[in-house]
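One structure is given below, encoded as structure tokens.
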Amino acid sequence: MPELNLEGLVYVYREGGVRAVDGVDLRIAAGERLAIIGQNGSGKSTLVRHLNGLLRPTDGRVLVDGVDATRMTVAQLAHEVGLVFQDPDRQIFAGSVLAEVEYGPRNLGLRGRELRSAVETALAAVGLEPEARTNPYDLGASRRKLLALASVLAMGTAVLVLDEPTTGQDERGVERVRAVIGDAHTAGRTVIAISHDMRFVAEGFERIVVMRAGRIVLDGSPEQVFRQDSWSTLESTFLEPSLPAVIGERLGLGSTPTDASLIQALARTSA
Amino acid sequence: MLTLEGCSYRYAGAAGASLHDVSLTLRDGEVLGVVGRSEAGKSTLCLVASGLAPRTLGGTLGGRVLIDGADTAGRAMHEMASEVAIGFQNPGTQLSGVATTVYEEVAFGPMNLGISRDEVLRRTDASIDALAIRALSQRDPERISGGQQQLVAIAGLLALAPRHVILDEPTAQLDPAGTRLVSDAIERLAAGGASILIVEQKVDLLAGICHRVLAVDEGRITLEGAAAAVLGDPTLHALGVAEPSAVRLRRLGSEAGLSEQAIEGALALATSRVNDA
Numbered sequence: 001m002p003e004l005n006l007e008g009l010v011y012v013y014r015e016g017g018v019r020a021v022d023g024v025d026l027r028i029a030a031g032e033r034l035a036i037i038g039q040n041g042s043g044k045s046t047l048v049r050h051l052n053g054l055l056r057p058t059d060g061r062v063l064v065d066g067v068d069a070t071r072m073t074v075a076q077l078a079h080e081v082g083l084v085f086q087d088p089d090r091q092i093f094a095g096s097v098l099a100e101v102e103y104g105p106r107n108l109g110l111r112g113r114e115l116r117s118a119v120e121t122a123l124a125a126v127g128l129e130p131e132a133r134t135n136p137y138d139l140g141a142s143r144r145k146l147l148a149l150a151s152v153l154a155m156g157t158a159v160l161v162l163d164e165p166t167t168g169q170d171e172r173g174v175e176r177v178r179a180v181i182g183d184a185h186t187a188g189r190t191v192i193a194i195s196h197d198m199r200f201v202a203e204g205f206e207r208i209v210v211m212r213a214g215r216i217v218l219d220g221s222p223e224q225v226f227r228q229d230s231w232s233t234l235e236s237t238f239l240e241p242s243l244p245a246v247i248g249e250r251l252g253l254g255s256t257p258t259d260a261s262l263i264q265a266l267a268r269t270s271a
Numbered sequence: 001m002l003t004l005e006g007c008s009y010r011y012a013g014a015a016g017a018s019l020h021d022v023s024l025t026l027r028d029g030e031v032l033g034v035v036g037r038s039e040a041g042k043s044t045l046c047l048v049a050s051g052l053a054p055r056t057l058g059g060t061l062g063g064r065v066l067i068d069g070a071d072t073a074g075r076a077m078h079e080m081a082s083e084v085a086i087g088f089q090n091p092g093t094q095l096s097g098v099a100t101t102v103y104e105e106v107a108f109g110p111m112n113l114g115i116s117r118d119e120v121l122r123r124t125d126a127s128i129d130a131l132a133i134r135a136l137s138q139r140d141p142e143r144i145s146g147g148q149q150q151l152v153a154i155a156g157l158l159a160l161a162p163r164h165v166i167l168d169e170p171t172a173q174l175d176p177a178g179t180r181l182v183s184d185a186i187e188r189l190a191a192g193g194a195s196i197l198i199v200e201q202k203v204d205l206l207a208g209i210c211h212r213v214l215a216v217d218e219g220r221i222t223l224e225g226a227a228a229a230v231l232g233d234p235t236l237h238a239l240g241v242a243e244p245s246a247v248r249l250r251r252l253g254s255e256a257g258l259s260e261q262a263i264e265g266a267l268a269l270a271t272s273r274v275n276d277a
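Chains as they are written, first to last, in the numbering used here: chain A, 1 to 271; chain B, 1 to 277.
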């Protein structure tokens, strides 16, 4: 499993000269669950698009297990890093759900039983087995998004990058995404997710990186990132601590970024 | 006032209807929230209420859609559009594709209303400021982030100064501050007499701004009432709808054996600012 290492990463969009990523150093250990949060336009999506070689740094480097990503072929990177887009319609192109999910692993060289098993497992993970023959465009937006997730899952990459995976999902869809992340983690895969859902990131990730204007302004555990002395930094990037985090601090219970941690702390004080 | 009377709708080529016998009234100045699991019929409801189904999409509509009590059946899409504005889930669907700057994109709608140039500029500037996207005004709308596109699309809707607004998950890709800007804009529109129907998965947002909420499941309205009552309804969870943060904390607290007093005391410490997020 690879370690990812961003060194002094800068990315300037040619059109408009916007410095979307402005000097990011970030080391992501193999098997880590990392969430990236920050205001709209803070450079989160631009950053993660460097991880699978979709963008090449204007300056700085992306190292995958010590190897400069720009020296790796698209095929080599595709074995290591799978990226699920925010908008599934940028990703989906096949005429059936099955063909869509098969495409990635087939390109990685999987055939026969191995291919079938990868596809079936991925479809089951997102609850789309009954729709294998369906045209992706006959699925609603939320299930197209789960399909895009399945088609990357099926590739079995060591690193899974998810750009706003819970957007537009109902409660059940969010649960499925959580389960997919949990299973990937158990299997030792690295999971990197961009999200605006503070509850989702506080409950499901050990490490949270906060971005503002192309730079990292906070990096730590949910307890560290949502504790009171981080609130002004969160606010500066248009984020807010989760409800349990606010209540915990106001009650003097310390940092309680999740419902479960708040309830536990409340139970301790009332016992 | 926008009224749906016994509306059923079947998409062109679909085996069955996606909406069954839906009746609702959207009063002037009212914010009506719609919740439900994925593919429950929420987006279809938006398409029917906006007039796009069946005018643009084809398919078969049963029942009636009325504006201020008058049946809209004979009205063409451009006539409907001047009364009812719709914001889609995916801002990519919304953007005109012809504007080269965000400013032009926001001005595109009002420019097509036949109003004076000064009025177009006034509305465009006001909408851009309302959603805090001034810094983006000279950028290419195709080359800004997904969340920024969503704000631009909503600014474009505001600039139409619509009397009825249908919003399908308008904040899906937005950060908490962007979500707040949109909810503030909705409240201002409603205060000005516009009626708003909003579909959202963010139940905390609905709890903050809606007068009434409907739950939709399998194409039918299954719950309807005051926002707090519907969003606190224990059966909503079974419909695949998330609980508002406060409702969830109450449930988890009582499951953990905490006293009601302890839970309510804790909740009272959370400001409305955070509750809205």
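Here a beta-carbon is modelled for each residue, glycine too, at the ideal position from N, C-alpha and C.
What did DSSP end up calling residue 153 of chain B once you bin it into helix, strand or coil? Position 153 of the second sequence, counted from the first residue, corresponds to residue 153 of chain B. Correct three-state label for residue 153 of chain B: helix.
Contacts around residue 264 of chain A, its chain only, beta-carbon distance under 7 Å, and the 5 residues preceding and following it disregarded: Start at 1 with the first residue of the first sequence, and residue 264 of chain A comes out as number 264. The answer is none, since no qualifying residue turns up.
Residue-chain proximity (residue 141 of chain A, chain B), Cβ-Cβ < 8 Å: The residue given as residue 141 of chain A occupies position 141 in the first sequence. By this cut-off, residue 141 of chain A is an interface position.
For residue 237 of chain A, the nearest candidate out of A:210, A:255 and A:248 (CA to CA): Position 237 of the first sequence, counted from the start, is the residue given in the question as residue 237 of chain A. Per the Cα distances, A:210.
Taking all protein chains shown into account, decide if residue 2 of chain A is buried (16 or more other Cβ within 10 angstroms of its Cβ) or exposed. To locate residue 2 of chain A, count along the first sequence from 1; it is residue 2. So residue 2 of chain A ends up on the buried side.
Rounded to whole angstroms, what's the CA-CA distance from residue 183 of chain B to residue 239 of chain B? Just pull it up for me. To locate residue 183 of chain B, count along the second sequence from 1; it is residue 183. To locate residue 239 of chain B, count along the second sequence from 1; it is residue 239. Roughly 25 Å separates the two Cα atoms.
Chain A partners of residue 144 of chain B, CB-CB under 7 Å? Here residue 144 of chain B refers to the residue found at position 144 when the second sequence is read from its first residue. In chain order: 41.
Which term fits residue 269 of chain B, buried or exposed, when burial requires 16 or more other beta carbons within 10 angstroms of its beta carbon? Taking the first residue of the second sequence as 1, we reach residue 269 of chain B at position 269. Label assigned to residue 269 of chain B: exposed.
Determine, for residue 37 of chain B, whether the minimum Cβ-Cβ distance to residues of chain A falls below 8 Å. Taking the first residue of the second sequence as 1, we reach residue 37 of chain B at position 37. Closer than 8 Å: yes.
Complete runs of the alpha helix (DSSP H) confined to the segment 121-152 of chain B [at least 4 residues]: Runs of the alpha helix (DSSP H) inside the segment 121-152 of chain B: none found.
With residue 95 of chain B as the anchor, note down where its alpha helix (DSSP H) starts and where it stops. Sequence index remark: in the second sequence, residue 95 of chain B carries index 95 (1-based). Per DSSP, residue 95 of chain B belongs to no alpha helix (DSSP H) and is neither H nor E.
First through last residue of the alpha helix (DSSP H) which encompasses residue 186 of chain A: By one-based count along the first sequence, residue 186 of chain A stands at place 186. Segment 171-186, the alpha helix (DSSP H) holding residue 186 of chain A.
Is the separation between the beta-carbon of residue 348 of chain A and that of residue 7 of chain A shorter than 8 Å? Given a span of 1 to 271 for chain A in the structure shown, any question on residue 348 of chain A remains unanswerable.
Since residue 225 of chain B and residue 170 of chain B are thought to touch, with beta carbons under 8 Å apart, how far apart are those beta carbons, to the nearest angstrom? Residue mapping note: residue 225 of chain B aligns to position 225 of the second sequence, counting from 1. Residue mapping note: residue 170 of chain B aligns to position 170 of the second sequence, counting from 1. Not really, about 23 Å apart at Cβ, beyond 8 Å.
Do you know how far the Cα of residue 248 of chain A is from the Cα of residue 94 of chain A? As a position in the first sequence, residue 94 of chain A is number 94, starting the count at 1. As a position in the first sequence, residue 248 of chain A is number 248, starting the count at 1. Each residue's alpha carbon lies about 48 Å from the other.
Note down, one range per segment and in chain order, each alpha helix (DSSP H) of at least 4 residues found wholly within the segment 210-259 of chain B. 227-231 and 245-255
Exposure label - residue 80 of chain B; buried when at least 16 CB within 10 Å: By 1-based counting over the second sequence, the position of residue 80 of chain B is 80. Residue 80 of chain B comes out buried.
Would you identify the three-state DSSP class for residue 9 of chain A, choosing helix, strand or coil? In the first sequence, counting from the first residue as 1, residue 9 of chain A sits at position 9. Three-state DSSP puts residue 9 of chain A in a strand.
When you compare the CB of residue 341 of chain A with every CB in chain B, is at least one pair closer than 8 Å? The structure shown has nothing for residue 341 of chain A, since chain A only spans 1 to 271.
Hey, how far is the Cα of residue 43 of chain B from the Cα of residue 191 of chain B? If you number the second sequence from 1, residue 43 of chain B lands on position 43. If you number the second sequence from 1, residue 191 of chain B lands on position 191. Distance between the alpha carbons of residue 43 of chain B and residue 191 of chain B is about 25 Å.
Which residue or residues does DSSP assign as beta-bridge partners of residue 36 of chain A? To locate residue 36 of chain A, count along the first sequence from 1; it is residue 36. In the DSSP output, where bridge partners are listed per residue, residue 36 of chain A has A:194 and A:209.
Assign residue 196 of chain A to one of two classes, buried (16 or more other C-beta atoms within 10 Å of its C-beta) or exposed (fewer than that). Counted from its first residue, the first sequence places residue 196 of chain A at position 196. Its Cβ being crowded by 16 or more others within 10 Å, residue 196 of chain A is buried.
Just reading off the beta strand (DSSP E) that residue 227 of chain A is part of, what are its end residues? Taking the first sequence and counting its residues from 1, the one referred to as residue 227 of chain A is at position 227. Premise fails: residue 227 of chain A is in no beta strand (DSSP E) and is neither H nor E.
What would DSSP say about residue 10 of chain B, mapped onto helix, strand or coil? Here residue 10 of chain B is taken as the residue at index 10 of the second sequence, counted from 1. In this structure, DSSP gives residue 10 of chain B an extended state, which the three-state scheme calls strand.
Using a Cβ cut-off of 7 Å, pull out every chain A residue sitting near residue 245 of chain B, in sequence order please. One-based indexing of the second sequence puts residue 245 of chain B at position 245. The answer, in chain order, is 243.
Are the segment 59-73 of chain A and the segment 100-115 of chain A in contact at 8 Å, needing three or more beta carbon pairs? no
With distances taken Cα to Cα, identify the nearest neighbour of residue 45 of chain B among B:165, B:209, B:68 and B:262. Against the second sequence, residue 45 of chain B aligns to sequence position 45. Nearest option by C-alpha distance: B:165.
If you follow the beta strand (DSSP E) that residue 115 of chain A is part of, which residue opens it and which one closes it? Residue 115 of chain A sits at position 115 when you count from the first residue of the first sequence. Here residue 115 of chain A belongs to no beta strand (DSSP E); instead the alpha helix (DSSP H) covers 112-126.
Identity of the residues DSSP links to residue 60 of chain B by a beta bridge: The residue given as residue 60 of chain B occupies position 60 in the second sequence. Note: residue 60 of chain B sits in a beta bridge opposite B:10.
Which one or two residues does DSSP pair with residue 287 of chain A in a beta bridge? Residue coverage of chain A in this structure runs from 1 to 271, which leaves residue 287 of chain A outside it and unanswerable.
How is residue 28 of chain B classed by DSSP in three states: helix, strand or coil? Counting from 1 along the second sequence, the entry for residue 28 of chain B is found at position 28. Coil at residue 28 of chain B, not helix or strand.
With a Cβ-Cβ cutoff of 8 Å, do residue 203 of chain A and residue 258 of chain A count as a contact? One-based indexing of the first sequence puts residue 203 of chain A at position 203. One-based indexing of the first sequence puts residue 258 of chain A at position 258. In this structure, residue 258 of chain A lies closer than 8 Å to residue 203 of chain A by Cβ.
Checking the sheet assignment: what are the DSSP bridge partners for residue 164 of chain B? Locating residue 164 of chain B in the second sequence gives position 164, counting from the first residue. The partner list for residue 164 of chain B (beta bridge, DSSP) reads B:84 and B:195.
Going along the chain, which unbroken runs of the beta strand (DSSP E) with 3 or more residues stay wholly within the segment 37-79 of chain A? When DSSP assignments are scanned along the segment 37-79 of chain A, the uninterrupted stretches of beta strand (DSSP E) that are 3 or more residues long and fall wholly within it turn out to be 59-64.
At 3 residues or longer, and completely inside the segment 81-116 of chain A: list those beta strand (DSSP E) runs for me, N to C. Listed in chain order, the complete beta strand (DSSP E) runs (minimum 3 residues) inside the segment 81-116 of chain A are 81-84.
Assuming residue 217 of chain A is part of the alpha helix (DSSP H), what are its boundary residues? To locate residue 217 of chain A, count along the first sequence from 1; it is residue 217. First-last for residue 217 of chain A: 215-220, but that is the beta strand (DSSP E), not the alpha helix (DSSP H).
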